[in-house]
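Accompanying notes for the structure given below.
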Amino acid sequence: MDAILEHSKEQKMEPVIVTESLTKVYKAPLEPSVTALQDLNLEVYPGEVFALVGPNGSGKTTTLKLLLGLIFPTRGTARVFGENPRSVEVKRRIGFMPDGPYFYGHLTGNELLDFYADILQIPRSQKKQRIEELIELVGMKGRSHLQVRTYSKGMIQRIGLAQALLNDPELVLLDEPTAGLDPIGTRDVKDIILKMRQQGKTVFLCSHLLSDVERIADRVAVLHQGRLIRSGTMEELLVVKGRFEVQASRLSAEALEALGRMGEVLEVADSRIHLLLEEGEALQKALAFIEAKGGHLDYLAPQRRTLEEVFIEAVREAVGEEVIE
Amino acid sequence: MRLRWHRGLALGLLVLFLVSLSATQGRIAKVRQEGNYRGAGLPIERLAELPVQDLSLVTIGAILGGFRSVVANILWLKCDEYWHQGRVFRLVPLAKAVVLLEPHFIEAWRITAWHLAYNMSVEAPTPEKAREYIEMGLKFLEEGIKWNPDRYELFFELGWTYYDKLNEYEKAAAIFQQALQKKDEFGSRPPTYIWRMIAHAYERYPRIDEAVRWWQIDAQVEPDHPVHRGALQTIHERYVRAWEHFERGELDEAMAALLEDWQKDDPYDTIGMHFKARIYERKQDIDRAIETWFEAARHSAVDKLARRRVIELCRLTGRPLPQGINDVGLPTEVRDEWDRWFQENLGRHAP
Amino acid sequence: MATATQVQAESKRGTLLLHSWRAIWAITRGTFKDTWRQRIILVLLVFGMAVLPASLIFSWLSAGEEIKFVIDTGLGTILLFGLLMGIFMAASMIPLEIEHRTIFTILSKPVRRFEFVLGKFLGIALTLLVNILLMGVVFLVIYGVKQVMLNAPPFQNFVTLIQALFLLYLQVMLITTIALTVSTVASLWFNIIFSFFVYFVGNMSEVIHHISTHTQVNALRLLMGIFNAIVPHFENFDLRQKLLLGDPVPWGYVAQVVGYTAQYVVVMFLIAYLLFNEREF
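Protein chains in written order, with the working numbering: chain C, 2 to 326; chain R, 10 to 360; chain F, 2 to 282.
Below you can see the structure in the form of structure tokens.
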């Protein structure tokens, strides 16, 4: 998948989404203005899964709405496929699943998709087949004849995905796709997103569930109080340069203790140890030591932080900066 | 951007359509004016003349829009309810609201005026108050006529009130004649009994010449109706000869003819009595005139003309009014008092 | 991918409003079905139909007044209930979509904002048509019954009554359109209150016209003249005097009123187009 990304970057393909100094300020008549988004600069390339993360109120939904032409920028620009997001042409090529979508409850799943298909003006000859395919894809087979108001949260998300994909869009925008789902539902959604990427679609998703995002996103942007505080590929963000994570077992207690002093111990139990080591000399020394002591190297990889850790660090920095300022 | 010129176009079209809308509205307004669509509408033309306290009601009427008549109908039903409960005084303010909401509701004007002039006046505590109510009834009808100048019904009702309640026969006849030129709700001629009423009114004044004329008109208007034949015959038998003398100023001959033709037949006929009294008046024999009017009044409790003439003649000659006869000329229980007055003032018994 | 290109290719032909009729019709159908699920519409309909026969009970007025009462009450009731339905539906349509967030999924689809409003409008128009038709039928039956009770021909004035009902529908549509236009930017309650205010002002339009043509005060003349131009003239839809007189109403007049309504609706649509395009969600 990274190959596609690299490929598109090499080809210098046009980014699907570009924002430049995108700013949104809400002004109510008798109230102080609220800056929901401040100078956002983003690029999303074709074929990647891009995640916009941050806590509630950080500006994710605002960004999404700006990209959908539901609200308009106070300053700066947003472009989708190079066009103004308000354009109807753009909307033909995108699919959107809103956060906690409420649909016309009295319709059945099939009727709902049929309704949206008509709005999308999907050729009548293909409508039925398309709907069946999507229902199968989102795992709603056999339940699509039920009324939407009887659906569980998981079912609603699935049908929401289905309607977003009706027109086989090049770009799919998802707002909190895994929020409120049980583990199976979450996994299913993630699978579908990955499948989309396989098909070459671009996925732009917003989420505050950082652990869910970690598994599927190619690139991430972190928002905090309307500002972009971190962005980059997952690799760039999560991998800690110059540190490695090592797990070894079958070591004696003394060996464990000695090893422990070479780096930062995360966990030690029985004859096993899990620790972090500096790249280079420390690492080499430790590896040699393990082998010498007859231990077994179970795991060796560059240290990866979780997205959550990255996020917290980024926020602290940002807040710290503000305090200093 | 594309959106910008769309906006300009939209604004341009907006102005264009607003203008054409105005033009269309103007045309429709004209059609409505000329095509008589508007009858059920607001009483706009009279707005300026309305007293201030009524304006709020008219405003409410305007706000109600098409429901104005429904509200008016409901209020009118309430009035009817009050009437059947015997609470006449209660219904009048409500009825006034009804006609303000629906000025073309002829029934409301007519019946309310009747309540005022008749039902309320007989329940009045004093004769003066009674007279007041009659006046109110008359004014009410006149107001109704202003709002509905083309309908005969209210003219007739006004004429009738003068004829029946006040016995002002000349006035009644004049108003009845106005009614003849009006129309009913379907735009048709007024009913034929109005012609008869005119004739009757003239009979009682009496104006025999006019009475004959109008009976003859009536004969043409409703040839199959039996009344005019009998009426003309009676008049010719009893009064025409006397009238001809009367008109020529031959008063003694008139009296003689009158007594001869009339009295043997029907001595208490109102027309004859009135005619007799008029001849005395013309002869300047006020005493006898008053006597005759008195006699007429005694024989007919509802002859208000007679009572009125008694008062007018008493005033003219400076005589005190008979006790029991009120200023208003309305009937009271007075027989013994009159007798006494006759004794005192004219030195003889009441006839 | 084939589908996507196909859809795009087909849709590229339709940059004008014309080609999106399928989408608009989908919204219309959806709106129509949706309105019947709103309990209040059913309640109003049933109530309206129940009130109509009540006018038969009042029978102690004179003959001419009785039939006038039936016509006034009948048309008045249908107008009242029609207005209540129309105003409620139009005022709540867009605010409810926003509240329930169904509007986001639709507006993210390739349908123009105004097409959305148009679809909603047609859905409401259809619902009102059915409702007023139903009440109208009940009314005509009652009218016929009353006429028979009064020994008058039951079909007297029939054509005029149908014309009156048609104009009544147009009148309700006019107010509904105004309510819908305002609802593109206003909240539910503001809209309801505003619509009734417009109704009252519309009833005063004759007075406004009168003042604008008769007053000596120039400023007032100008002001009233402007009001006269923009206020909806509800008296245009009133045929009660003609019904009372038994006069036939020429279809040419009806056509003129249709033209008036159509132009007013276009004006409202243009305003709605401008307002809704600027609206943020």
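Every residue gets a Cβ at the ideal spot worked out from N, C-alpha and C, and that includes glycine.
These figures come from a predicted structure and were not determined experimentally.
Straight-line spacing of the CA atoms in glutamine 148(C) and valine 190(C) works out to 21 Å. For the region 22-49 of chain F, there are no residues whose beta carbon sits under 8 Å from a beta carbon of chain R.
Residue pairing by DSSP puts cysteine 207(C) in a beta bridge opposite Leu53(C), Asp176(C).
The Cβ neighbour count for proline 276(R), taken over all protein chains shown within 10 Å, is under 16; the residue is labelled exposed. Chain order gives the chain F residues near isoleucine 72(R) as Phe201, Asn204, Met205, where near means a beta carbon separation below 8 Å.
Going by C-alpha positions, lysine 25(C) is about 16 Å away from asparagine 85(C). According to the DSSP assignment, methionine 225(F) belongs to the alpha helix (DSSP H) that extends over 219-231. Lysine 28(C) and glycine 227(C) have their C-alpha atoms roughly 15 Å apart.
DSSP places tyrosine 214(R) outside both helix and strand once states are collapsed to three, so it counts as coil. Close to proline 99(C), with beta-carbon spacing below 7 Å, are these residues of chain F in chain order: Arg102, Phe105, Thr106. Identification of chain F residues near phenylalanine 73(C) by a Cβ-Cβ cut-off of 9 Å yields Glu279, Glu281, ordered along the chain.
Taking 7 Å as the cut-off, the beta carbon of glutamate 44(C) is found no closer than this to the beta carbon of valine 81(C). Taking a cut-off of 8 Å on C-beta distances, the region 113-125 of chain C touches the region 23-31 of chain F, as three or more cross pairs fall below it. Under the three-state reduction of DSSP output, phenylalanine 97(C) falls in the strand class. Ranking Thr185(F), Thr106(F), Thr128(F), Leu151(F) by CA distance to the CA of leucine 43(F) puts Thr128(F) first.
Under the DSSP assignment, proline 303(C) falls in the beta strand (DSSP E) whose first and last residues are 297-305. Here glycine 143(C) is exposed: its Cβ has fewer than 16 other Cβ atoms, across all protein chains shown, within 10 Å. Distance between glycine 48(C) and serine 153(C), taken at the CA atoms: about 31 Å.
Annotation for glutamate 262(R): the continuous alpha helix (DSSP H) segment containing it runs 260-267.
Inclusion of leucine 224(C) and lysine 66(C) in the CB contact set at 7 Å is not warranted, their separation being larger than that value.
Using a CB distance below 9 Å, the part of the region 224-247 of chain F facing chain R consists of Asn229, Ala230, Ile231, His234, Phe235, Glu236, Asn237, Phe238, Asp239, Leu240, Arg241, Gln242, Lys243, Leu244, Leu245, Leu246, Gly247, ordered along the chain. For alanine 79(C), the uninterrupted beta strand (DSSP E) segment begins and ends at 76-81. Rounded to whole angstroms, the separation of the alpha carbons of leucine 135(F) and phenylalanine 167(F) is 13 Å. With fewer than 16 other Cβ atoms inside 10 Å of its own Cβ, proline 30(C) counts as exposed. Under the DSSP definition of a beta bridge, glutamine 148(C) partners with Thr109(C).
For glutamine 39(C), the enclosing beta strand (DSSP E) begins and ends at 35-45. In terms of beta-carbon proximity, phenylalanine 116(C) lines the interface with chain F, with at least one pair separated by less than 7 Å. Using a Cβ distance threshold of 7 Å, valine 214(C) and methionine 197(C) do not count as a contacting pair. If you draw a straight line from the Cα of isoleucine 88(F) to the Cα of lysine 180(R), it comes to about 56 Å. Residue pairing of alanine 249(C) in beta bridges, as defined by DSSP: Ile274(C), Leu298(C). According to the DSSP secondary-structure assignment, glutamate 84(C) is paired through a beta bridge with Val81(C). At a C-beta separation below 8 Å, lysine 147(F) has no neighbours in chain C, since its nearest C-beta there lies roughly 40 Å away. Listed in chain order, the positions of the region 186-197 of chain R with a beta carbon within less than 8 Å of a beta carbon of chain F are Glu194, Phe195, Gly196.
Taken residue by residue, none of the region 209-240 of chain C has a beta-carbon sitting less than 7 Å from a beta-carbon on chain F. Runs of the alpha helix (DSSP H) lying entirely within the region 94-155 of chain R and spanning at least 4 residues, in chain order: 97-110, 115-123. Taking 7 Å as the threshold, the shortest C-beta distance from isoleucine 37(R) to chain F falls below it.
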